[in-house]
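Asker: Before we start, here is the structure in question, set down as structure tokens.
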Amino acid sequence: MSEVLVLVEHVEGEIKKSTFELLTAARALGEPSAVIVGGPGTATKLADGLREYGAAKVYVAETDSAEFLSPQVDVLAALVGRLDPAAVLIASSADGKEVAGRLAVRTGSGWLNDVVALDAQGTTHSVFGGAWTAQATANSAHPVITLRQGAVEAVAAAGAGAEESVDVAPSGRSATVVSREPVTAGERPDLGEASVVVAGGRGVGSAEQFAVVEALADSLGGAVGASRAAVDSGYYPHQFQVGQTGKTVSPQLYIALGISGAIQHRAGMQTSKTIVAVNKDPDAPIFEIADFGVVGDLFSVAPQLQEEITRRRS
Amino acid sequence: MNIVVLCKQVPDTYSERRLREDGALDRDASDAVLDEINERAVEEALQLKEAHGGAVTVVSMGPDRATEAIRKALSMGADTAVHLSDEALAGSDAVGTARALAGAIGTVADVDLVLAGNEASDGRSAAVPAMVAEVLGLPALTHARQLTVEGSTVTVRRETDDGVVTLTAELPAVVSVGEKINEPRYPSFKGIMAAKKKKVATLSLADVGVDAAQVGAAGALSSVVGATPKPPKAAGEKVVDDGAGGSKVAAYLVAQKLI
Ligand SMILES: Cc1cc2nc3c(=O)[nH]c(=O)nc-3n(C[C@H](O)[C@H](O)[C@H](O)COP(=O)(O)OP(=O)(O)OC[C@H]3O[C@@H](n4cnc5c(N)ncnc54)[C@H](O)[C@@H]3O)c2cc1C
Ligand SMILES: Nc1ncnc2c1ncn2[C@@H]1O[C@H](COP(=O)(O)O)[C@@H](O)[C@H]1O
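Taken in sequence, the protein lines are chains A and B. Counted the way my numbering counts, the first sequence spans residues 23 to 336. Counted the way my numbering counts, the second sequence spans residues -10 to 248.
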């Protein structure tokens, strides 16, 4: 069976969930091989987790180079040349897309971006915020596939995980890293990964009053999202924006509080499995896609819902 | 300092966006505008020119009517433009687009900096700038929320969901800007009038030295083979809050086994 290369996403010695999704998806195309690129000593912390999700091989490229994303591109390009893999799978994150795009140029491979499902025939993409579904295929050997976070459910499978080290040489023409300030992960689940998202809009009215949104999210163990109007008004930080220019989320449950449901907001959340909306305006467009809508004041509906949930959970 | 700004014309996001049966974007279905993020790239270029001197050249690849987007950038204050337009470019994938843009940039003399948006609002590949850098063999500093040039060194604060990374490189380099980099200026009346007289070089693939077999549908390394609209989501139950709205949501969630 041919190899499928999977670039491991990791932060501070932890494998990101997206990597397990990639290893799961890779099995549809061949035998997954994990590729670790990171500082010295990275691999020892990661190898076990990769084996648990079916990595037959683990290629380890450890370097203290300050070059930005170039080591990833260089290592993958070298492995593609040597192994002629069936495909290269990378997470559809900001860094992942950049590595994928550069790799595709370097190796003359087709790049299938923001994939939500794949098999040997090709890939499925959800475009325009889920309003359309498109099928695509690569016309080249070893296509580069970036997989949307959360689209494939990670399933464990044992893999041999034989380690092999790979050399990395500095590429020369690369941007270099001066410093890093990682975002400190909060108590709440990641917006892109959460199975429940509670989002607030301009109707929340102020940064202080976003506590109502947070309290409901916490009672459900969910993440907090915001509309662009709420972000632009300074109620909530930018990285929580949902929509066309923000995150695309597809949780089991999306609760929209004081959000009108503009097309650009819907583009980021309309593929959610169940949508609940609370809005004072009975004609708000969000109700057109809500599975359950309440015409009312979010400041009475949300706290009441939160109490009910807390009561049922205790 | 000579700056190229990569400007893309996109369908207006306020109008409906559709795909044709062959999977290509149905450009006739919506109005076309200069992508918002590219206005910020132009703004950043103009500020750098104001501080360091030099010239700002707009480079755009797209069909004839991309000239409207080019005029917008010129009316903001860019000096000249290169419009790469060739029938053979239709159906280009990201790799083809990067190759073609790299060719077009190659026609501009002594480029120190290539500026771009970090992500187009239509394609959203968010990688074309880094891919152009890869073709040209230049460093890529992407998703900039802050950009400084000192001497021949460019420094960028790169902001993504994963945090902030400060990057540096020697010019020439490619930089893509994020939404928070600046507030773009509005074209003045004078600027709009002046833009009408500015030079726009319309070039073909042959003019920029790119092989037609490497771009467009013919050279595409990936192809869309089918597209279908999803049936619109139907509205579900809607209740008016009578004082028990929250409890009704809870009951619904219980019935759906969500809590
Ligand atoms: C290029 C472009 C990209 C964009 N990208 C995005 C994006 O990524 N994400 C995004 O969200 N938007 C985006 N927008 C903006 C979008 O068009 C809307 O302006 C925005 O989504 C509106 O946010 P909102 O629903 O919170 O505010 P509003 O439209 O002002 O709606 C507020 C709602 O709150 C209700 N309300 C008020 N008080 C209460 C109360 N006490 N209880 C219950 N309901 C109440 C009101 O009835 C109203 O319906 C984009 C726009 C453009 C042009
Ligand atoms: N056809 C094009 N013409 C000019 N610039 C482009 C084109 N396509 C992409 N770009 C540039 O690349 C940026 C990111 O686009 P993308 O990678 O497609 O999301 C855009 O904001 C533009 O600056």
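We put the beta carbon where it would ideally sit given N, CA and C, even for glycine. Since we're looking at a predicted model, the values are computed, not measured.
Does the beta-carbon of isoleucine 277/A, which I'm using as the reference point, lie nearer than 7 angstroms to any heavy atom of ligand 1?
Answerer: No; taking the cut-off as 7 angstroms, the Cβ of isoleucine 277/A has no heavy atom of ligand 1 nearer than that.
Asker: Do glutamate 33/B and leucine 125/B have their CB atoms nearer than 8 angstroms?
Answerer: Not a contact, by the Cβ cut-off of 8 angstroms.
Asker: Does the segment 150 to 157 of chain B come into contact with the segment 204 to 223 of chain A, if we say contact requires no fewer than three beta-carbon pairs (one atom in each stretch) closer than 8 angstroms?
Answerer: In short, these stretches touch, since the Cβ pair count reaches three.
Asker: Quick check on DSSP: helix, strand or coil for glutamine 171/A?
Answerer: If DSSP states are grouped into helix, strand and coil, glutamine 171/A belongs with coil.
Asker: Near glutamate 39/B, what residues of its chain come up, given a Cβ to Cβ distance below 7 angstroms and the 5 sequence neighbours on each side ignored?
Answerer: Excluding sequence neighbours, glutamate 39/B sits near nothing in its chain.
Asker: Is it true that the CB of glycine 243/A sits closer than 8 angstroms to the CB of valine 219/A?
Answerer: In this structure, glycine 243/A does not lie closer than 8 angstroms to valine 219/A by Cβ.
Asker: Between valine 220/A and chain B, is the shortest Cβ-Cβ distance under 8 angstroms, so that the two count as touching?
Answerer: Not closer than 8 angstroms to any Cβ of chain B, the Cβ of valine 220/A fails to qualify, so no.
Asker: Does the structure place the segment 34 to 50 of chain A close enough to the segment 119 to 130 of chain A that three or more beta carbon pairs sit under 8 angstroms?
Answerer: The segment 119 to 130 of chain A vs the segment 34 to 50 of chain A: no contact.
Asker: Which ranges does the beta strand (DSSP E) cover as unbroken runs of at least 3 residues, wholly within the segment 88 to 132 of chain B, from first to last along the chain?
Answerer: For the segment 88 to 132 of chain B, whole beta strand (DSSP E) runs of length 3 or above, ordered along the chain, are 102 to 106.
Asker: Could you give the DSSP three-state label for isoleucine 281/A: helix, strand or coil?
Answerer: Coil, per DSSP.
Asker: According to the neighbour-count rule (16 or more other Cβ atoms, all chains shown, within 10 Å of its Cβ), is glutamate 172/B buried or exposed?
Answerer: When all chains shown are included, glutamate 172/B counts as exposed.
Asker: Just to confirm the assignment: which complete beta strand (DSSP E) runs, minimum length 3, are found wholly within the segment 260 to 309 of chain A?
Answerer: Listed in chain order, the complete beta strand (DSSP E) runs (minimum 3 residues) inside the segment 260 to 309 of chain A are 275 to 279 and 296 to 301.
Asker: DSSP state of leucine 160/B, grouped into three classes?
Answerer: It is coil, neither helix nor strand.
Asker: When you check each C-beta in the segment 28 to 40 of chain A against every C-beta of chain B, which residues fall closer than 9 angstroms?
Answerer: Taking 9 angstroms as the Cβ-Cβ cut-off against chain B, the residues of the segment 28 to 40 of chain A that qualify are Val33.
Asker: Kindly list, in the order they appear in chain A, the residues whose Cβ is closer than 9 angstroms to that of tyrosine 175/B.
Answerer: The contacting residues do not exist; tyrosine 175/B stays about 18 angstroms from chain A at best.
Asker: Can you tell me whether serine 187/A is buried or exposed? The criterion is at least 16 other CB atoms within 10 Å of its CB, across all chains shown.
Answerer: Classification for serine 187/A: exposed.
Asker: Among the residues of its own chain, which have a CB less than 7 angstroms from the CB of leucine 213/A, if the five just before and after it don't count?
Answerer: Result list for leucine 213/A: Val219, Ala245, Gly247, Phe262, Lys269 and Val271, in chain order.
Asker: Would you verify that the beta carbon of arginine 210/A is, or is not, closer than 8 angstroms to some beta carbon of chain B?
Answerer: It does not: the Cβ of arginine 210/A has no partner Cβ on chain B nearer than 8 angstroms.
Asker: Are there any heavy atoms of ligand 2 lying less than 7 angstroms away from the beta-carbon of lysine 169/B, as far as the coordinates show?
Answerer: No, ligand 2 has no heavy atom inside 7 angstroms of this Cβ.
Asker: I want to check one thing, is the minimum distance from the CB of asparagine 301/A to the heavy atoms of ligand 1 below 7 angstroms?
Answerer: Within the cutoff, so yes.
Asker: Report buried or exposed for glycine 256/A, applying the criterion of at least 16 other Cβ atoms within 10 angstroms of its Cβ.
Answerer: With fewer than 16 Cβ atoms within 10 Å of its Cβ, glycine 256/A is classed as exposed.
Asker: Starting from glutamate 185/A and walking both ways along the alpha helix (DSSP H), at which residues does that stretch end?
Answerer: Element bounds for glutamate 185/A: not the alpha helix (DSSP H) but the beta strand (DSSP E), 184 to 187.
Asker: Below 6 angstroms CB to CB, which residues in the same chain sit around aspartate 68/B once its five sequence neighbours on both sides are set aside?
Answerer: The residues are Ala44 and Val45.
Asker: Can you tell me the Cβ-Cβ gap for serine 40/A and serine 115/A, rounded? I've got them flagged as a contact below 8 angstroms.
Answerer: Yes, they are in contact, since the Cβ atoms of serine 40/A and serine 115/A sit about 7 angstroms apart, within 8 angstroms.
Asker: Taking a contact to mean a Cβ-Cβ separation below 8 angstroms, would you say alanine 259/B touches valine -1/B in this structure?
Answerer: What is shown of chain B runs -10 to 248, which leaves residue 259/B out entirely.
Asker: For a minimum of 3 consecutive residues, which ranges assigned as the beta strand (DSSP E) are wholly contained in the segment 142 to 196 of chain B?
Answerer: Whole beta strand (DSSP E) segments, 3+ residues: 142 to 149, 152 to 159, 162 to 166 and 189 to 192.
Asker: I'd like to check one pair, histidine 41/B with leucine 192/B: are the Cβ atoms closer than 8 angstroms?
Answerer: No, Cβ-Cβ distance for leucine 192/B and histidine 41/B is not below 8 angstroms.
Asker: Measuring CB to CB, does glycine 152/A end up less than 8 angstroms from threonine 267/A?
Answerer: Their beta carbons are not under 8 angstroms apart, which means glycine 152/A does not touch threonine 267/A by this criterion.
Asker: Is any beta-carbon of chain B found at less than 8 angstroms from that of glutamate 74/A?
Answerer: Chain B contact via Cβ: absent.
Asker: Pick from Asp117/A, Gly63/A, Leu91/A and Ser322/A: whose alpha carbon is nearest that of glutamate 84/A?
Answerer: Checking every option, the nearest Cα to that of glutamate 84/A belongs to Gly63/A.
Asker: Closer than 7 angstroms: is that where the CB of isoleucine 311/A sits relative to any heavy atom of ligand 1?
Answerer: Isoleucine 311/A: no, Cβ never under 7 angstroms from ligand 1.
Asker: Could you please give me the residues that DSSP links to phenylalanine 314/A through a beta bridge?
Answerer: Paired residue(s): Val298/A and Glu226/B.
Asker: Beta-carbon of leucine 44/A versus every beta-carbon of chain B: anything under 8 angstroms?
Answerer: Answer no: the Cβ-Cβ gap between leucine 44/A and chain B never drops below 8 angstroms.
Asker: Thinking C-alpha only, which one of Glu25/B, Leu(-5)/B, Ile59/B and Ala79/B is nearest proline 186/B?
Answerer: Looking at the sequence itself, residue 186/B is lysine, so the reference to proline does not match. Per the Cα distances, Ile59/B.
Asker: For the alpha helix (DSSP H) containing proline 62/A, name the first residue and the last one.
Answerer: It is not in any alpha helix (DSSP H) - proline 62/A carries neither H nor E in the DSSP assignment.
Asker: Comparing C-alpha positions only, which one of Phe314/A, Gly61/A, Gln157/A and Phe309/A sits nearest to serine 236/B?
Answerer: Checked all of Phe314/A, Gly61/A, Gln157/A and Phe309/A; the closest Cα to serine 236/B is Phe314/A.
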